[in-house]
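See below for the structure under consideration.
There are 2 protein chains.
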Amino acid sequence: MAKKNQPFRHPAEYYTNPENSIGYLARIVFRSFSRLLERSTLEHDVSAGQWRFLRQLWREDGITQRELSERVGMREPTTVVALKGLEKAGFITRKKTAEDRRKTFIHLTPHAKELELILAPLNAEVHKVATRGMTNEEVETLRVLMRRVIANLADETAKLPTLSDIKA
Amino acid sequence: MAKKNQPFRHPAEYYTNPENSIGYLARIVFRSFSRLLERSTLEHDVSAGQWRFLRQLWREDGITQRELSERVGMREPTTVVALKGLEKAGFITRKKTAEDRRKTFIHLTPHAKELELILAPLNAEVHKVATRGMTNEEVETLRVLMRRVIANLADETAKLPTLSDIKA
DNA sequence: TTCCAAAACTTAGTATACTAAGTATATTGG
DNA sequence: CCAATATACTTAGTATACTAAGTTTTGGAA
Chain A
34 MAKKNQPFRH
44 PAEYYTNPEN
54 SIGYLARIVF
64 RSFSRLLERS
74 TLEHDVSAGQ
84 WRFLRQLWRE
94 DGITQRELSE
104 RVGMREPTTV
114 VALKGLEKAG
124 FITRKKTAED
134 RRKTFIHLTP
144 HAKELELILA
154 PLNAEVHKVA
164 TRGMTNEEVE
174 TLRVLMRRVI
184 ANLADETAKL
194 PTLSDIKA
Chain B
34 MAKKNQPFRH
44 PAEYYTNPEN
54 SIGYLARIVF
64 RSFSRLLERS
74 TLEHDVSAGQ
84 WRFLRQLWRE
94 DGITQRELSE
104 RVGMREPTTV
114 VALKGLEKAG
124 FITRKKTAED
134 RRKTFIHLTP
144 HAKELELILA
154 PLNAEVHKVA
164 TRGMTNEEVE
174 TLRVLMRRVI
184 ANLADETAKL
194 PTLSDIKA
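Here the protein sequences come in this chain order: A and B. Numbering-wise, the numbering used here puts 137 at position 104 of the first sequence, and it's gapless, one number per residue. Numbering-wise, the numbering used here puts 57 at position 24 of the second sequence, and it's gapless, one number per residue.
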């Protein structure tokens with residue numbers, strides 16, 4: 034990092050105040066959002082973690098585990114564990130084909146499909162609460178800026194080798 | 034929620050696209066940020082989780098566990114576990130006083146104090162990467178909007194009883 | 001055709017974070 | 001004063017998420 038000698042936006046001390054740190058603020062937004070959402074979804078026996086995978090499957094049913102991982106933004110071992118739980122709870126089934134026996138396709142059960150009508154509005158409710166008092170423009174600005182931060186960090190992460198790459 | 038009949042900002046389907054969800058975007062920002070930061074801090078044997086507590090202690094040394102939990106935005110059991118690790122690693126010491134024997138005060142070791150000079154700039158670096166191509170105004174707007182979302186969610190969470198409160 | 005590399009998933013081990021319920025100490029109301 | 005409540009922390013159990021290192025299957029190059 035910092036190969037070019039660009040000036041820092043602020044001195045390092047500035048970020049010791051968590052309220053100034055994008056990372057800290059994002060964590061609190063995420064956890065608060067998740068906690069509130071889970072209060073509603075748990076009444077339908079769906080945890081916040083499960084909800085994240087169901088949301089994607091409502092959009093695209095029958096994709097592979099790897100595709101699902103990418104869309105949800107989780108690593109594959111996380112997906113393996115989550116799918117075990119979803120399968121056990123009767124929300125999904127896993128199917129193998131002769132075409133490519135490495136792949137596992139994930140399908141929603143009828144029950145899980147029905148849940149969309151109940152659970153999707155609960156998410157919209159939390160969104161409404163989270164953005165109370167904000168204009169549509171402000172909400173869209175927030176999204177746009179977060180996406181830019183995500184893109185910036187993804188670029189940098191792709192650039193840098195991991196610790197294990199270095200050791201190898 | 035939704036006691037007043039305010040209109041929804043968008044239909045529920047809108048949020049099935051993760052890219053439109055504040056919660057999803059905040060999670061990805063948080064994890065990307067955390068991952069990149071940890072790459073640097075791990076070289077000094079500090080994990081991302083430990084870093085969060087150290088950052089607060091650099092600001093306020095000698096506070097109680099409860100105060101530390103609040104400032105860092107974690108629940109107390111999380112703090113207990115984190116402090117065990119920090120103590121074992123030689124970053125903090127815990128002190129009891131006769132004044133109030135319930136309280137535990139957390140103090141940085143000299144080594145941990147020295148680390149601030151090394152680790153604080155690493156955080157500033159990640160911040161620089163995360164906000165690359167953004168103006169100071171945009172960065173400040175992002176912070177302000179995230180703080181508003183946090184305040185909105187905190188209000189709502191305080192209002193609602195938890196599941197266990199209902200059962201009690 | 002066979003061997004090597006890549007792709008898809010799993011397993012193992014760990015860190016982070018929570019809720020619920022417990023212990024010990026302090027404070028407060030009757 | 002003392003019982004009830006509140007405060008501060010801990011323990012137990014679980015969910016979420018990761019990295020590193022497997023296994024199995026496929027595809028491609030020699």
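Note that CB positions come from ideal geometry on N, CA and C, so glycine has one too.
Which residues in chain A sit within 7 Å of residue i, going by Cβ to Cβ distance?
| i | result |
| --- | --- |
| B:E189 | L69 and V162 |
| B:L186 | S65, F66, L69, V162 and A163 |
Are there 16 or more other CB atoms within 10 angstroms of the CB of residue i, so buried, or fewer, so exposed?
| i | result |
| --- | --- |
| A:K36 | A caution first: A:K36 carries a pLDDT of 40, below 50, which makes its placement in the model too unreliable to give a value. |
| B:I61 | buried |
| B:V177 | exposed |
| A:L75 | exposed |
| B:L150 | exposed |
| A:I199 | With a pLDDT of only 42 at A:I199, under the threshold of 50, the placement of this residue in the model should not be trusted, and no figure is reported. |
| A:V105 | buried |
| A:G166 | exposed |
| A:A131 | exposed |
Whose CA, out of the options, lies closest to the CA of residue i?
| i | options | result |
| --- | --- | --- |
| B:E71 | B:L155, B:L58 and B:P143 | B:L155 |
| B:Y48 | A:W84, A:Y48 and A:I125 | A:W84 |
| A:F66 | B:R127, B:K192 and B:L186 | B:L186 |
| B:I220 | B:E100, B:G106 and B:P44 | The question about residue 220 of chain B has no answer here: the residues shown for chain B are numbered 34 through 201. |
| B:G95 | B:K121, B:A81 and B:I125 | B:I125 |
| B:I183 | A:A81, A:I55 and A:A191 | A:I55 |
| B:E147 | B:L90, B:Q98, B:P44 and B:K117 | B:L90 |
| A:E46 | B:S73, B:A145, B:A157 and B:D133 | B:A157 |
| B:R134 | B:G82, B:T97, B:K117 and B:K121 | B:T97 |
Which partner residues does residue i have in the DSSP bridge list?
| i | result |
| --- | --- |
| A:H140 | A:T126 |
| B:T97 | B:F138 |
Is residue i near residue j, with beta carbons less than 8 Å apart?
| i | j | result |
| --- | --- | --- |
| A:R181 | B:N169 | no |
| A:L69 | A:V172 | no |
| A:T137 | A:R127 | yes |
| A:F63 | B:F86 | no |
| A:R88 | B:P143 | no |
| A:E189 | B:V162 | yes |
| B:T174 | A:T174 | yes |
| B:L152 | B:H77 | yes |
| A:S102 | A:E109 | yes |
| B:A59 | A:A115 | no |
What in chain B is Cβ-close to residue i, meaning under 7 Å?
| i | result |
| --- | --- |
| A:T112 | By Cβ distance, chain B contributes nothing, its closest Cβ being about 15 Å from A:T112, past 7 Å. |
| A:E171 | L178 |
| A:T49 | R88, W91, R92 and A153 |
| A:L46 | Residue identity differs from the one stated: residue 46 of chain A is Glu in this sequence, not Leu. Going along chain B in sequence order, the residues near A:E46 (Cβ under 7 Å) are A153. |
List the residues of chain A that residue i touches, going by C-beta distances under 8 Å, in chain order.
| i | result |
| --- | --- |
| B:R99 | By Cβ distance, chain A contributes nothing, its closest Cβ being about 17 Å from B:R99, past 8 Å. |
| B:A115 | Within chain A, no residue comes near B:A115; the closest Cβ sits about 14 Å away, beyond 8 Å. |
| B:G106 | P51, Y57, R60, I61 and R64 |
Whose Cβ in chain A lies nearer than 9 Å to the Cβ of residue i?
| i | result |
| --- | --- |
| B:R176 | E52, N53, S54, I55 and L58 |
Name, please, each residue of chain B whose Cβ falls closer than 9 Å to the Cβ of residue i.
| i | result |
| --- | --- |
| A:F124 | Simply none; closest approach about 16 Å. |
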